[in-house]
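Working notes, structure below.
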Amino acid sequence: MKLELGYIQINDIQFASESKVEDGIIYVNKDELKALLLEDEHLASVEFDIAKPGDSIRIMPVKDVLEPRVKVEGKGGIFPGMIAKVDVVGSGRTNVLRGSAVVTTGKIVGFQEGIIDMSGEGAKFTPFSKLNNLVVICEPVEGIAKHDHERAVRFAGLKTADYIGKLAKNIVAEEVETFETLSVVEGMKQYPELPRVAYVAMLQSQGLMHDTYVYGVDMKQSLTTMLSPTEVMDGAILSGNCVSACDKNTTYHHLNNPVIKELFKKHGKELNFVGMIITNENVYLADKMRSSDWTAKLCEFLGLDGAIVSQEGFGNPDADLIMNAKKIEEKGIKTVIITDEYAGRDGASQSLADSDPAADAVVTGGNANEMIHLAPMDRVIGYPEVADIIAGGFDGSLHADGSIDAELQVITGATNEMGFNKLSAR
Amino acid sequence: MSKLRVVHYINQFFANVGGEEMADYQPELREGFVGPGMAFNAAFKDEAEIVATVVCGDSYFNENLEVAKKTVLDMISSQKPDVVICGPAFNAGRYGVACGSVAAAVKEELNLPVLTGMYKENPGADMFKTQVYVVGTKDSAAGMRGAVALMAPLALKLARNEEILSSKEEGYLPNGVRKNLFEDKIGAERAVEMMVKKLNGKEYVTEFPMPNFDRVEPGKAVKDMSKARIALVTSGGIVPKGNPDRIESSSASKYGQYDLTAFDDLTEETHETAHGGYDPVYANQDSDRVLPLDVIRDMIKEGKIGSLHPYFYTTTGNGTSVANSKAFAAEFAQKLVADGVDAVILTST
Numbered sequence: 053m054k055l056e057l058g059y060i061q062i063n064d065i066q067f068a069s070e071s072k073v074e075d076g077i078i079y080v081n082k083d084e085l086k087a088l089l090l091e092d093e094h095l096a097s098v099e100f101d102i103a104k105p106g107d108s109i110r111i112m113p114v115k116d117v118l119e120p121r122v123k124v125e126g127k128g129g130i131f132p133g134m135i136a137k138v139d140v141v142g143s144g145r146t147n148v149l150r151g152s153a154v155v156t157t158g159k160i161v162g163f164q165e166g167i168i169d170m171s172g173e174g175a176k177f178t179p180f181s182k183l184n185n186l187v188v189i190c191e192p193v194e195g196i197a198k199h200d201h202e203r204a205v206r207f208a209g210l211k212t213a214d215y216i217g218k219l220a221k222n223i224v225a226e227e228v229e230t231f232e233t234l235s236v237v238e239g240m241k242q243y244p245e246l247p248r249v250a251y252v253a254m255l256q257s258q259g260l261m262h263d264t265y266v267y268g269v270d271m272k273q274s275l276t277t278m279l280s281p282t283e284v285m286d287g288a289i290l291s292g293n294c295v296s297a298c299d300k301n302t303t304y305h306h307l308n309n310p311v312i313k314e315l316f317k318k319h320g321k322e323l324n325f326v327g328m329i330i331t332n333e334n335v336y337l338a339d340k341m342r343s344s345d346w347t348a349k350l351c352e353f354l355g356l357d358g359a360i361v362s363q364e365g366f367g368n369p370d371a372d373l374i375m376n377a378k379k380i381e382e383k384g385i386k387t388v389i390i391t392d393e394y395a396g397r398d399g400a401s402q403s404l405a406d407s408d409p410a411a412d413a414v415v416t417g418g419n420a421n422e423m424i425h426l427a428p429m430d431r432v433i434g435y436p437e438v439a440d441i442i443a444g445g446f447d448g449s450l451h452a453d454g455s456i457d458a459e460l461q462v463i464t465g466a467t468n469e470m471g472f473n474k475l476s477a478r
Numbered sequence: 168m169s170k171l172r173v174v175h176y177i178n179q180f181f182a183n184v185g186g187e188e189m190a191d192y193q194p195e196l197r198e199g200f201v202g203p204g205m206a207f208n209a210a211f212k213d214e215a216e217i218v219a220t221v222v223c224g225d226s227y228f229n230e231n232l233e234v235a236k237k238t239v240l241d242m243i244s245s246q247k248p249d250v251v252i253c254g255p256a257f258n259a260g261r262y263g264v265a266c267g268s269v270a271a272a273v274k275e276e277l278n279l280p281v282l283t284g285m286y287k288e289n290p291g292a293d294m295f296k297t298q299v300y301v302v303g304t305k306d307s308a309a310g311m312r313g314a315v316a317l318m319a320p321l322a323l324k325l326a327r328n329e330e331i332l333s334s335k336e337e338g339y340l341p342n343g344v345r346k347n348l349f350e351d352k353i354g355a356e357r358a359v360e361m362m363v364k365k366l367n368g369k370e371y372v373t374e375f376p377m378p379n380f381d382r383v384e385p386g387k388a389v390k391d392m393s394k395a396r397i398a399l400v401t402s403g404g405i406v407p408k409g410n411p412d413r414i415e416s417s418s419a420s421k422y423g424q425y426d427l428t429a430f431d432d433l434t435e436e437t438h439e440t441a442h443g444g445y446d447p448v449y450a451n452q453d454s455d456r457v458l459p460l461d462v463i464r465d466m467i468k469e470g471k472i473g474s475l476h477p478y479f480y481t482t483t484g485n486g487t488s489v490a491n492s493k494a495f496a497a498e499f500a501q502k503l504v505a506d507g508v509d510a511v512i513l514t515s516t
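Protein chains in written order, with this note's numbering: chain P, 53 to 478; chain U, 168 to 516.
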């Protein structure tokens with residue numbers, strides 16, 4: 053499968069009477085977009101705001117972050133099975149409004165939503181402080197059930213990203229990058245001498261606010277399977293979860309999966325990037341056994357020499373991570389795993405809930421329990437009082453002056469386990 | 168601004184007192200810097216100076232732990248230092264244990280900032296790295312410059328009570344306390360680079376070492392002892408009288424292979440213990456107490472054991488590194504296998 057990504061650099065977002073993308077600026081007609089989102093009767097109100105790099109703005113609680121993209125050529129549309137109809141995506145050309153993002157917020161659903169600071173200390177720990185963000189503030193109707201609330205906000209984000217993306221459908225991108233994954237046989241013939249490496253992406257699938265969707269399918273319900281890395285670039289995988297904000301893979305992370313990018317960089321040079329396996333992180337032991345067995349099975353079937361395994365979340369899924377690493381290594385296939393740590397505020401506790409000497413090559417996104425002080429911002433988009441109850445916060449996290457003392461856990465994307473950031477720990 | 172006061176702890180070798188033969192040198196307090204202290208002093212420039220050096224023999228320290236520690240601590244505190252530096256000990260095991268012991272005591276009892284330095288496989292490293300900062304050095308004194316380059320700045324930071332960053336940034340051995348830091352590259356790039364190294368059999372450093380649960384598979388039970396060939400191995404340090412090969416009293420760098428064919432019984436005249444970690448009196452009186460040759464000989468006569476491998480293999484377990492222990496056994500185990508040995512009686516103390 054071959055996909056061209058056309059990058060359209062975005063430097064600003066503004067509200068205007070006509071929605072369009074011109075000269076690197078996204079113009080948004082608020083009323084039009086609002087009407088579209090309010091088609092969902094679960095939402096009582098929708099408001100919009102803009103947060104740009106360097107602004108003294110705090111967004112919280114953050115549910116998801118998405119990137120506007122649009123299919124220019126090729127089958128299907130962005131977010132197949134969710135927004136676009138089911139079709140095979142990942143080929144042709146897709147335009148990317150690079151430098152922009154859609155951030156969803158509103159009344160908190162669970163405990164795991166996060167904070168994005170656009171400037172100051174907190175900004176250093178989230179990639180989203182560097183983007184031009186269209187913030188969508190969704191309020192649910194009275195008495196709504198949690199599942200419906202989560203779904204409503206999820207779709208509001210997807211629809212917004214899709215709406216904005218489509219504004220760029222006819223723009224011819226100046227910068228184009230091409231990605232191609234061949235069939236197993238063709239791939240083997242292309243680089244017979246290079247070690248065969250695949251990417252195993254573990255997807256969060258533990259229930260409300262802990263789900264991930266693949267072509268619209270709840271990953272909880274899926275057996276371990278394979279897909280082409282380019283399908284992910286068209287939104288085949290998207291987030292329905294907020295495990296602790298720091299290691300949640302936002303839809304933006306999925307679209308911009310850095311492991312895929314780095315493997316493609318070395319493809320044909322130091323390794324043969326064979327393809328991608330996706331597996332889940334279910335709560336039942338039988339599911340964990342089945343999924344990790346299946347992952348190792350597929351790795352062996354593909355004739356791999358190495359597999360890079362990325363995780364999502366912590367605690368319970370640490371068991372899945374270690375099972376995957378162990379079983380893949382037992383097949384004689386070398387692993388590198390990417391995780392993050394919960395080593396306590398003093399850094400002295402055991403970082404992972406499970407361990408095995410077979411997992412001897414680890415990249416870490418840092419200790420999520422480390423404390424951080426967030427100075428007050430001029431503006432808070434959302435609800436500052438949730439600082440005390442979101443994961444990583446505690447009674448007294450939010451101070452009267454608007455500053456926050458909490459664990460790094462509260463910052464969206466801070467310890468990402470796809471290796472999105474430079475943060476690490478020793 | 169007056170210079171920070173530093174006290175330096177070193178052993179008899181680095182003080183130029185002498186080598187192994189002077190390892191029983193008792194603690195001595197000297198003014199200013201001695202030996203490698205000169206390099207530290209130069210590195211400190213105007214910020215600090217070594218006001219005094221404590222010199223102590225490695226054997227004396229390890230064999231007189233309580234007394235030596237007290238004397239050394241008194242000498243150190245008499246100089247009212249702002250920070251104490253021990254070593255670096257590189258791969259010298261007894262020196263590393265001494266440095267670690269002194270550093271830990273300075274921290275606990277004198278409440279002073281302190282650091283030491285040694286090679287990561289020095290037994291002192293595993294013993295003390297979670298209690299005090301142990302800077303990782305090369306495995307020999309050829310690494311002195313690199314060691315000073317890391318230890319001097321860290322010493323100044325500790326003296327000034329500045330924030331100590333991650334092990335990677337400051338150069339100390341990972342001590343089980345995780346600290347965040349920003350790398351130059353994103354995690355995904357680090358992961359793919361690590362994979363390429365691993366695939367090519369090149370060395371790489373994991374960012375998170377898994378906790379080590381070193382388990383040994385038990386061997387199969389011997390079905391019939393009356394036909395079995397047994398060998399005697401000990402980490403209790405039993406050696407021929409006079410310790411001809413100078414096996415160290417702790418942190419052994421070697422093992423011994425000695426002939427048992429002339430002996431039915433070990434006595435005060437024939438054997439002794441080199442081990443510095445237990446009271447040697449009873450083992451010196453009768454080494455059978457640690458290496459049960461007399462009983463084995465009796466049981467062979469009675470037909471209860473088949474035969475005895477002609478040599479015994481011995482080292483001192485006290486503070487000897489896991490890496491060395493594994494290496495010794497890997498070597499002599501081959502001789503046991505070649506001789507058809509069925510089982511080993513391994514005594515430890």
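Note that CB positions come from ideal geometry on N, CA and C, so glycine has one too.
For chain P, check one thing: does any of its Cβ atoms lie closer than 8 Å to the Cβ of U/Arg521?
Nothing about residue 521 of chain U can be read from this structure; chain U reaches only from 168 to 516.
Is there a Cβ of chain U sitting closer than 8 Å to that of P/Lys300, yes or no?
no
For P/Asp116, which residues in the same chain have their Cβ closer than 6 Å to its Cβ, ignoring the five residues on either side in sequence?
Thr156, Gly209, Ser291, Thr302 and Thr303
How close, in whole Å, do the beta carbons of U/Val400 and U/Leu513 come, if the pair is a contact with beta carbons under 8 Å?
5 Å
Within its chain, find whatever has a CB closer than 7 Å to the CB of P/Ala136; leave out the 5 residues flanking it on each side and keep chain order.
Gly128, Gly129 and Ile130
Within 8 Å (strictly less), CB to CB, does U/Thr304 reach chain P?
no
To the nearest angstrom, how far is the alpha carbon of U/Val221 from that of U/Asn342?
26 Å
With 9 Å as the C-beta to C-beta threshold (strictly closer), list the residues of the stretch 350-368 of chain U near chain P in chain order.
Glu350, Asp351, Lys352, Ile353, Gly354, Ala355, Glu356, Arg357, Ala358, Val359, Glu360, Met361, Met362, Val363, Lys364, Lys365, Leu366 and Asn367
For P/Ala427, which residues of its own chain have a beta-carbon under 6 Å away from its beta-carbon, when the five flanking residues on both sides are left out?
Gly172 and Ser455
Residues of the stretch 395-410 of chain P in Cβ contact with chain U at a cutoff of 9 Å, in chain order, please.
Ala395, Gly396, Asp398, Gly399, Ala400, Ser401, Gln402, Ser403, Leu404, Ser407, Asp408, Pro409 and Ala410
Does the stretch 391-409 of chain P touch the stretch 366-381 of chain U, meaning 3 or more C-beta pairs lie closer than 8 Å?
yes
Which residues of chain U have a Cβ atom closer than 7 Å to the Cβ of P/Asn473, listed in chain order?
Ile353 and Gly354
Using three-state DSSP, classify P/Thr277 as helix, strand or coil.
strand
Who does P/His306 pair with in a DSSP beta bridge?
According to DSSP, P/His306 bridges with nothing at all.
If you check the beta carbons only, do U/Val173 and U/Asp241 fall under 8 Å apart?
no
Look at the alpha carbon of P/Ala410 and the alpha carbon of P/Ser362, and state the distance between them as a whole number of angstroms.
16 Å
Taking just the CA atoms, how far does P/Ser280 sit from P/Asp412?
28 Å
Are three or more beta carbon pairs between the stretch 250-263 of chain P and the stretch 175-189 of chain P nearer than 8 Å?
no
What does U/Tyr371 touch in chain P if you count any residue whose Cβ is under 7 Å from its own?
Ala413
Any beta-carbon of chain U closer than 8 Å to the one on P/Ser455?
no
Other residues of its chain near U/Pro477: CB distance less than 7 Å, five sequence neighbours each side excluded
Asp426, Leu427 and Thr428
Alpha carbon to alpha carbon, how far is U/Gly254 from U/Met294? Give it in angstroms, no decimals.
15 Å
In angstroms, rounded to a whole number, what distance separates the CA positions of P/Val438 and P/Ile160?
8 Å
Starting from P/Asp339 and walking both ways along the alpha helix (DSSP H), at which residues does that stretch end?
Leu337 to Phe353
In chain P, what lies closer than 9 Å to U/Pro341 by C-beta?
Arg478
Within chain P, partners of U/Val489 - CB distance below 7 Å:
Near U/Val489 there are no residues of chain P at all, since even the closest Cβ is about 14 Å away, more than 7 Å.
Alpha carbon of U/Ala355 to alpha carbon of U/Glu439, nearest angstrom:
58 Å
Work out the CA separation of P/Ala477 and U/Phe180 for me, nearest whole Å.
37 Å
Considering just the uninterrupted stretch of the alpha helix (DSSP H) at P/Ser152, what are its terminal residues?
Segment Ser152 to Gly158 is the beta strand (DSSP E) holding P/Ser152; no alpha helix (DSSP H) there.
From what residue to what residue does the beta strand (DSSP E) around P/Leu55 run?
Lys54 to Gln61
Pairwise C-alpha distance: P/Ser449 and P/Glu91:
37 Å
Output the distance between the C-alpha atoms of P/Ala123 and P/Asp107, rounded to the nearest integer angstrom.
Note that residue 123 of chain P corresponds to Lys in the displayed sequence, not to Ala. When rounded, the distance between both Cα atoms is 31 Å.
Chain U partners of P/Asn419, CB-CB under 9 Å?
Arg345, Lys346 and Asn347
P/Val152 to P/Leu183, Cα distance in whole Å?
Reading off the sequence, residue 152 of chain P comes out as Ser, not Val. Whole-angstrom Cα-Cα distance: 5 Å.
First through last residue of the alpha helix (DSSP H) which encompasses U/Phe518:
Since the first and last residues shown for chain U are 168 and 516, residue 518 of chain U lies out of range.
Thinking C-alpha only, which one of U/Ser245, U/Lys274 and U/Gly291 is nearest U/Cys266?
U/Gly291
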